[in-house]
Amino acid sequence: MDKNARICIIGGGPAGLSAGMYLEKKGYDNYTILERNDRVGGKCWSPTYNGRRYEMGAIMGVPSYYAVHDVEEFCGITHDGPKLNRNYKNAAGKVIEPFEPKKNPLKIPRLLKMKKQLKVFGELLETKYKGYDINGHRGVAEGRYDGFAVTPGREPVSGTNPNLKDLCLPFSEFCKKNGVELVQDIWIGPYTSFGYGYFDEIPAAYVLKYLDFQTTMNFVKVNLWTWKEGTQWIWEQLNDHLKNPARLNQTIEKVERRDGKVFVTVNGQVEEYDKIIVTAPLHIPGKRADGQKGMDEYFDVRDDEKELFSKIDYERYDVLAVETRPEDHPEISYYVFDNMVKERLGHLMVYYRRWKDSVDQVITTYSLRKHKNMREVPYEDCKKMVLDDLKTMRNPASNVVNEWSVYYFPHVFSEDYAAGWYDKVEAMQDKYDTFYAGEVMSFGDMDETAEYSRELVERFF
Ligand SMILES: Cc1cc2nc3c(=O)[nH]c(=O)nc-3n(C[C@H](O)[C@H](O)[C@H](O)COP(=O)(O)OP(=O)(O)OC[C@H]3O[C@@H](n4cnc5c(N)ncnc54)[C@H](O)[C@@H]3O)c2cc1C
12 MDKNARICII GGGPAGLSAG MYLEKKGYDN YTILERNDRV GGKCWSPTYN
62 GRRYEMGAIM GVPSYYAVHD VEEFCGITHD GPKLNRNYKN AAGKVIEPFE
112 PKKNPLKIPR LLKMKKQLKV FGELLETKYK GYDINGHRGV AEGRYDGFAV
162 TPGREPVSGT NPNLKDLCLP FSEFCKKNGV ELVQDIWIGP YTSFGYGYFD
212 EIPAAYVLKY LDFQTTMNFV KVNLWTWKEG TQWIWEQLND HLKNPARLNQ
262 TIEKVERRDG KVFVTVNGQV EEYDKIIVTA PLHIPGKRAD GQKGMDEYFD
312 VRDDEKELFS KIDYERYDVL AVETRPEDHP EISYYVFDNM VKERLGHLMV
362 YYRRWKDSVD QVITTYSLRK HKNMREVPYE DCKKMVLDDL KTMRNPASNV
412 VNEWSVYYFP HVFSEDYAAG WYDKVEAMQD KYDTFYAGEV MSFGDMDETA
462 EYSRELVERF F
């Protein structure tokens, strides 16, 4: 592609900003990032409270976040945040140690079985499911892998492995098929409580591309990265280091693609580009109170785009930031496994204390209120349940200072995944001078989205 190509990037979150960085690294300087919000970072949102930044969105990373590490290097920054730790409570608010055999004599057989299955699972992923962990979903439904290794050098890898088709199954079925059902007890912590849905509805491919074996073990060992000024700061830093920082408060009214050009009507003016990269939502079923729209609502959307993007659903993941009285402040973050099942939809799954050294900070709470086959819990009902749960946990909130219902983890379900949704969308890359990136193309975390932008630039520019 011509190095002077005029490239429009929609969205100033991790995917859009890192697309800018990787384009720049490859010698493409003529890019423009359009952000609808008055800040960059997207779902990395770190507001300030009592002089410190807390997390309403992304919180942590792991040492295999190679794309985030690229950003850190580009900006000369590092992960310098508070060390995370957590304990567990049951739904009645009692502190428990679910993985400690001495504390759970009756559960010893199950724990031993789980340990065995974990070993088997690790081996299966390395052998039977070789190629399962590379970024993006190209080829999976056809039993292929095609991409870049999850290593600092990201060597290109591709091959055929018919077993990979199993990744189209919901994760619970995938585990059952392989006789390793109990590993779900470990995977559920950093999966469902992090808002990515339930194992009986979400294809194994999403679960395992995010929580590959290595990443899961980092969570188990609490080998995690955080940032003192919050995850938003990573992207603010990147924005400050880009040749063309994002333009904020941009309202895109219309995008038309004709004669090999892309015409973007933004804040009342028409701008002309050669290519466009969309990192904003491709489709949002229903209406959202925050006014966010899918690209299929403001683009001259074509039949194939419309048909494919209509399959996308997303999680209703809610975050509250609450104050407590100092004596009610939790001593640490807590996971509530009992509430990570669909029967407890809308309940408090995890609450997070970020700063160990002070009790005058907010704690943040996390809940999911949608399952594919269940009635959605209304936002206000869910909020009430979470506040009641905090009382049950004996950490009652005295005040809610911030709240957010997030457009979270866009994905497709098993049927569409198995029918080759990803290969169809990948085949449309550049067809209408348009590239599709961001969460739905890989997975809803900072690194997978930034890594997908890296690969997109590598493949097409
Ligand atoms: C509560 C919570 C906890 C999380 N925890 C973690 C974690 O611990 N670790 C981790 O790695 N990830 C975590 N994530 C996920 C991570 O934040 C996201 O996966 C990541 O931010 C996705 O990047 P993105 O650029 O694809 O999308 P986004 O971050 O959503 O950015 C998209 C950007 O596009 C903009 N936009 C949307 N529509 C338009 C439009 N029409 N015109 C212009 N701009 C538009 C948006 O305003 C936004 O800035 C968490 C997210 C949340 C909400």
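Counting from 12, one number per residue, gives the positions in the sequence shown under my numbering.
All C-beta atoms, glycine included, are put in the ideal place defined by N, C-alpha and C.
| Query | Result |
| --- | --- |
| Other residues of its chain near ASN413: CB distance less than 7 Å, five sequence neighbours each side excluded | PRO58, MET67, ALA332 |
| Near ligand 1: ILE287 beta-carbon under 7 Å from a heavy atom | no |
| C-alpha distance - GLU111 paired with ARG121, whole-angstrom precision | 12 Å |
| Any non-hydrogen atom of ligand 1 within 7 Å of MET71 CB | yes |
| Closest residue to GLU326 among ASP434, THR203, PHE230 (Cα-Cα distance) | THR203 |
| CA-to-CA distance, GLN372 to TYR345, given in whole angstroms | 16 Å |
| Span separating the alpha-carbon of MET32 from that of GLU462 | 11 Å |
| heavy atom of ligand 1 below 7 Å from PRO25 C-beta | yes |
| Straight-line Cα distance separating ASN229 from MET306 | 36 Å |
| Check whether PHE424 and LYS383 have beta carbons under 8 Å apart | yes |
| Spatially closest choice to LYS322 from ALA429, ASP211, GLU108, by CA coordinates | ALA429 |
| The segment 100 to 111 touching the segment 427 to 446, judged by at least three CB pairs closer than 8 Å | no |
| Runs of beta strand (DSSP E) lying entirely within the segment 387 to 455, each at least 3 residues, in chain order | 410 to 422, 445 to 447 |
| One or two residues paired with TRP344 in a DSSP bridge | Per the sequence presented here, residue 344 reads as Ser, with Trp not at that position. DSSP, once it has assigned bridges, lists ARG97 as partnering SER344. |
| Alpha-carbon spacing of TYR418 relative to TYR328, whole angstroms | 7 Å |
| DSSP three-state assignment for THR276, whether helix, strand or coil | strand |
| Alpha carbon of TYR433 to alpha carbon of ARG149, nearest angstrom | 6 Å |
| Nearest-angstrom Cα separation, counted from LYS118 out to VAL82 | 44 Å |
| Beta strand (DSSP E) segment containing LYS124, residue limits | That residue, LYS124, is in no beta strand (DSSP E); its alpha helix (DSSP H) goes 119 to 137. |
| Reference GLY52, options MET457, LYS105, GLU466, closest by Cα | MET457 |
| Bridge-paired residues (DSSP) for ALA332 | THR375, ASN413 |
| Neighbour-count burial assignment, GLY357, 16 or more Cβ in a 10 Å radius | buried |
| ASN410 versus ARG336 - alpha carbon distance | 9 Å |
| Residue range of the unbroken alpha helix (DSSP H) whose run includes TYR77 | 77 to 86 |
| Stretch pair the segment 176 to 186 + the segment 351 to 369: three plus CB contacts closer than 8 Å | no |
| 6 Å CB neighbourhood of GLY431 in its chain, flanking five on each side removed | ALA152 |
| Terminal residues of the alpha helix (DSSP H) in which VAL51 lies | That residue, VAL51, is in no alpha helix (DSSP H); it is neither H nor E in DSSP. |
| Pair within 8 Å by beta-carbon distance, VAL275 and CYS86 | no |
| Cβ pair TRP198, VAL218 closer than 8 Å | yes |
| Uninterrupted beta strand (DSSP E) stretches inside the segment 171 to 251 (no shorter than 3 residues) | none |
| Candidates VAL330, GLN440, ASP324: closest to ILE374 by CA position | VAL330 |
| Contact between the segment 296 to 312 and the segment 264 to 280 (3+ Cβ pairs under 8 Å) | yes |
| Close-in-space but distant-in-sequence residues of the same chain around ILE145 (CB under 7 Å, 5 per side omitted) | TYR156, GLY158, PHE159, ALA160, VAL161, VAL168 |
| Where ILE44 falls, given that 16 or more other Cβ within 10 Å makes a residue buried | buried |
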